[in-house]
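**Student:** For the sequence shown, full-length UniProt numbering gives the first residue as 1, with consecutive numbering after it.
From the three backbone atoms N, C-alpha and C, an ideal C-beta is built for every residue, glycine too.
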Amino acid sequence: MIRIHQVKTADPADLEKQILKKLNMPKKDLEYWKIHRRSIDARKHQVQYSYVVDAKVANEKKYLKNWDVFRTPDETFRFKPAGEQRLKNRPVVIGMGPAGLFAGLLLAEYGYKPIIIERGSAIEKRSKDVDHFWKTGELDPESNVQFGMGGAGAFSDGKLTTRSKDVLGRKVLEDLVSLSANPDILIDQHPHIGTDGFISILKNARKRIEEQGGTFFFDTRLDDIEVFNDSLCAMTISRLEDENFEGKLDDVDVRTRITETLPVEAMIFASGHSAEDTLRTLEKRGICMEPKNFAIGLRIEHLQSYINEAMLGSACHQKDLIPARYQLTHTANTGKGVYSFCMCPGGYVIPSSSALHTVVCNGMSYSDRAGDQANSALLVQVTPEDYGSGLFDGMDFQQKLEKKAFDLSGSYKAPVQLVSDFIEGKISDHFEEVKPTYELGTVFTDFNTILPEKIAESLKDALIHFEQKVPGFTKNALLTGMETRSSSSIRVVRQSDSLESNIHGFYPCGEGSGYAGGIMTSAIDGLKCAMALMNRFERPSDLN
Ligand code: FAD
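1. To test your reading of the DSSP string, which unbroken beta strand (DSSP E) runs of 3 or more residues are found completely within the stretch 344 to 378?
2. When burial is assigned at 16 or more other CB atoms within 10 Å of the CB, is L64 buried or exposed?
3. Hey, L459 and L298: beta-carbon distance below 8 Å or not?
4. Look at the Cβ atom of E301, then the Cβ atom of L379, and state whether they are nearer than 8 Å.
5. Report back the beta-carbon spacing between A152 and G97 to the nearest angstrom; my notes put them in contact at under 8 Å.
6. Quick check: is any heavy atom of the ligand SAM less than 7 Å from the C-beta of S200?
7. For K469, tell me which candidate among E138, I307, G95 and K292 has the shortest Cα-Cα distance.
8. Are the beta-carbon atoms belonging to L479 and Q381 less than 8 Å from one another?
9. Along the chain, where does the alpha helix (DSSP H) that runs through P384 open and close?
10. Using a Cβ-based criterion (distance less than 7 Å to any ligand heavy atom), does S367 qualify as near the ligand FAD?
11. Our contact map puts I503 next to G272 with C-beta atoms below 8 Å; I'd like the distance itself, whole angstroms only.
12. If you draw a straight line from the alpha carbon of Y51 to that of A523, how long is it in whole angstroms?
13. Mark P291 as exposed unless 16 or more other C-beta atoms lie within 10 angstroms of its C-beta, in which case mark it buried.
14. Considering only heavy atoms of the ligand FAD, does any lie closer than 7 Å to the CB of L533?
15. Specify the secondary structure class of D54 as computed by DSSP and reduced to three states.
16. Can you confirm whether the stretch 167 to 179 touches the stretch 84 to 93 when touching is taken to mean that 3 or more C-beta pairs between the two stretches lie within less than 8 Å?
17. Within the same chain, show all residues whose beta-carbon is closer than 6 Å to that of N448, passing over the 5 residues directly before and after it, in chain order.
18. Can you give, in chain order, each stretch of the beta strand (DSSP E) that sits fully within the stretch 401 to 486 and has at least 3 residues?
19. Can you give me the Cβ contacts of Q189 inside the same chain, cut-off strictly under 6 Å, excluding the 5 residues immediately before and after it?
20. May I ask you to check if the CB of K125 is nearer than 7 Å to at least one heavy atom of the ligand FAD?
21. Under a three-way DSSP split, which group does V7 fall into?
22. Could you say which of L160, A42 and G514 lies nearest to P191 if we only look at CA atoms?
23. Using three-state DSSP, classify A270 as helix, strand or coil.
24. Name, in chain order, the residues that DSSP records as bridge partners for E301.
25. Around the C-beta of A370, are 16 or more other C-beta atoms found within 10 angstroms, so that it is buried, or is it exposed?
26. Distance, Cα to Cα, T358 vs E538?
27. How long is the line joining the alpha carbons of K435 and F294, rounded to whole angstroms?
28. Would a C-beta distance cut-off of 8 Å place L527 and L106 closer than the cut-off?
29. Using the three-state DSSP reduction, which class does A234 fall into: helix, strand or coil?
30. Can you check DSSP and say which residues form a bridge with I115?
31. Since E276 is in the beta strand (DSSP E), which residue starts that stretch and which ends it?
32. Roughly how many angstroms separate the alpha carbons of F228 and A324, rounded to a whole number?
33. Relative to the alpha-carbon of G505, which residue among L401, V338, V264 and Q327 has its alpha-carbon at the smallest distance?
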């Protein structure tokens with residue numbers, strides 16, 4: 001097989017003709033072809049489809065001389081566990097976000113029968129808890145947008161963005177397709193699933209892991225670990241006694257938990273970035289951690305029709321190009337990097353708190369991306385200079401902002417401000433065409449009085465710059481806060497070869513441990529940690 005890059009056409013129906021033309025090939029030489037990747041380039045308002053094509057051809061050697069033609073690489077995932085230390089207990093995965101899920105899938109595939117412990121609820125109950133919060137403002141701090149089956153990726157835009165073109169990225173996409181994702185994700189340049197697509201994937205993944213001998217414990221939290229001779233030897237977990245508790249949780253979680261301690265020698269720790277309680281406990285047990293730079297900011301909303309026009313010009317009604325997306329970056333006059341992040345075309349700004357009395361927002365879309373508005377995070381890089389050099393100073397800084405936002409109304413209403421008013425430094429008193437999609441209500445504010453001065457200055461400078469790049473970007477645009485949970489402020493240190501922490505058998509994994517940012521990179525890191533575990537440990541002897 002040969003791989004042909006940069007096959008361009010204005011009409012996808014013409015693709016075969018363009019392959020033949022590009023290689024100056026008679027039709028009889030082209031035995032078979034399929035699309036490996038496709039992208040659409042709508043720059044300069046001229047739409048061009050660009051393809052990478054795999055083809056079986058006669059006279060292969062002749063065509064390989066061509067500039068854009070290579071032998072198709074072998075992208076099959078191959079792995080043979082080399083672990084020699086036999087496990088006495090089944091391996092444990094903490095968290096069923098993308099990292100824990102893909103670690104669990106691989107361990108199960110290789111017969112390791114993992115135990116997956118998730119503090120939040122299974123997706124059926126979790127969906128109801130999230131919906132209840134969005135409608136009533138009653139938050140369950142253990143089952144919400146951050147915590148529960150599927151992790152932070154479940155109620156997301158489901159962009160499967162990664163720069164990684166390696167075999168593991170391909171395996172993640174192929175696994176997702178085998179679990180019911182649309183096969184287009186294998187070839188699209190910007191693959192996307194949507195929150196509705198994720199739900200069935202999660203249910204299928206659970207079924208597959210259980211069929212392969214894995215076990216799930218939902219509403220069950222890792223509370224502590226025990227270490228002996230620098231090796232992991234036990235864990236304490238606690239399960240909610242009544243996961244269907246119907247009382248109100250006001251200031252604190254008053255529910256009763258049943259606690260037990262179990263032996264464990266191998267654990268993949270994929271808790272995500274909001275499990276502050278767990279990270280604080282692990283630090284006390286001697287797990288080595290370090291602070292890392294992260295980013296905070298606000299979410300910006302526009303009319304999707306404006307974004308379509310601004311990005312696509314005269315092609316703004318072309319069905320396969322819309323809803324359009326954007327990506328913007330700027331180095332502000334403060335020296336800080338500012339960038340758009342996790343842009344959700346046709347999406348919604350959603351209440352995303354996991355801790356009581358905090359306001360956090362993020363973005364979500366459905367698979368059809370049919371909403372009237374576009375939203376995106378606008379993030380500013382922050383460093384210990386902004387919040388202090390202590391290990392948990394970054395988390396304290398995030399929480400202070402989230403609590404400040406809550407205190408504005410004493411509720412989960414989100415602070416909002418028109419972009420033009422933010423630049424002028426005045427509280428807004430009306431909405432324009434863009435109305436907030438944040439479901440729990442809003443409160444007008446001046447973000448200049450909430451955000452630290454340097455961060456507000458950086459955002460304003462970037463917005464003025466973005467207006468020059470994309471005229472209209474600051475007009476008829478709405479800001480919502482607080483976008484504080486886009487990345488982890490802590491890294492759980494691990495060895496570069498074994499992927500273990502300073503404690504043997506403990507594998508820090510995914511976004512919360514500081515090794516990923518997004519669904520794809522977290523899932524890939526889950527696979528890496530599962531392979532590292534299997535290269536050190538052999539399956540328990542009583543497992544066939
Ligand atoms: P998480 O997904 O955070 O999962 C961690 C899991 O661990 C959670 O389920 C949690 O309940 C559990 N847990 C925590 N502590 C414990 C404990 N002590 N015991 C047991 N379980 C525990 N990324 C993209 O690439 N594309 C997008 O479109 C996108 N949209 C997003 C939209 C929203 C609303 C949000 C919140 C995030 C979005 N992201 C997106 C980011 C992406 O979801 C995360 O990068 C990704 O989920 C991180 O994966 P993870 O497995 O490392 O952690």
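**Tutor:** Here's the rundown:
1. Counting whole runs of 3 or more residues, the stretch 344 to 378 contains the beta strand (DSSP E) stretches 348 to 351 and 361 to 364.
2. Its Cβ having fewer than 16 others within 10 Å, L64 is exposed.
3. In this structure, L298 lies closer than 8 Å to L459 by Cβ.
4. No. Outside cutoff.
5. The beta-carbon distance between A152 and G97, rounded to whole angstroms, is 6 Å. This is short enough to meet the 8 Å contact definition.
6. As presented, the structure is devoid of the ligand SAM, carrying the ligand FAD as its sole ligands.
7. When only C-alpha atoms are compared, the closest one is I307.
8. No. Outside cutoff.
9. Counting along the chain, the alpha helix (DSSP H) containing P384 begins and ends at P384 to Y387.
10. The answer is no for S367.
11. Between G272 and I503 the Cβ distance is about 20 Å, and since that is not below 8 Å, they are no contact.
12. Using only the alpha carbons, I get a separation of about 26 Å.
13. Counting Cβ neighbours within 10 Å, P291 comes out buried, since at least 16 surround it.
14. If you check the C-beta of L533 against the ligand FAD, you find no heavy atom less than 7 Å away.
15. DSSP places D54 in strand when its eight states are reduced to three.
16. A contact between stretches requires three or more CB pairs, one per stretch, nearer than 8 Å, and the stretch 84 to 93 fails this requirement with the stretch 167 to 179.
17. The beta carbon of N448 sits closer than 6 Å to those of G425 and A456, all from its chain and outside the five residues before and after it, given in chain order.
18. Correct list: 414 to 418, 442 to 444 and 478 to 483.
19. Non-local C-beta neighbours of Q189 in its own chain, meaning closer than 6 Å and more than five positions away in sequence, comprise S39, ordered along the chain.
20. Relative to the non-hydrogen atoms of the ligand FAD, the Cβ of K125 never comes closer than 7 Å to any of them.
21. In the structure shown, the three-state DSSP call for V7 is strand.
22. Taking each of L160, A42 and G514 in turn and checking the Cα distance to P191, the smallest one comes out for L160.
23. Reduced to three states, the DSSP call for A270 is coil.
24. According to DSSP, E301 bridges with N375 and L478.
25. Classification for A370: exposed.
26. Taking the straight line joining both Cα atoms gives about 44 Å.
27. When rounded, the distance between both Cα atoms is 29 Å.
28. Less than 8 Å separates the beta-carbon of L527 from that of L106.
29. For A234, the three-state secondary structure derived from DSSP is strand.
30. For I115, which the question treats as bridged, DSSP gives the partners V92 and T215.
31. Element bounds for E276: not the beta strand (DSSP E) but the alpha helix (DSSP H), E276 to K284.
32. If you take the alpha carbons of F228 and A324, they lie about 54 Å apart.
33. Out of L401, V338, V264 and Q327, V264 has the C-alpha closest to the C-alpha of G505.
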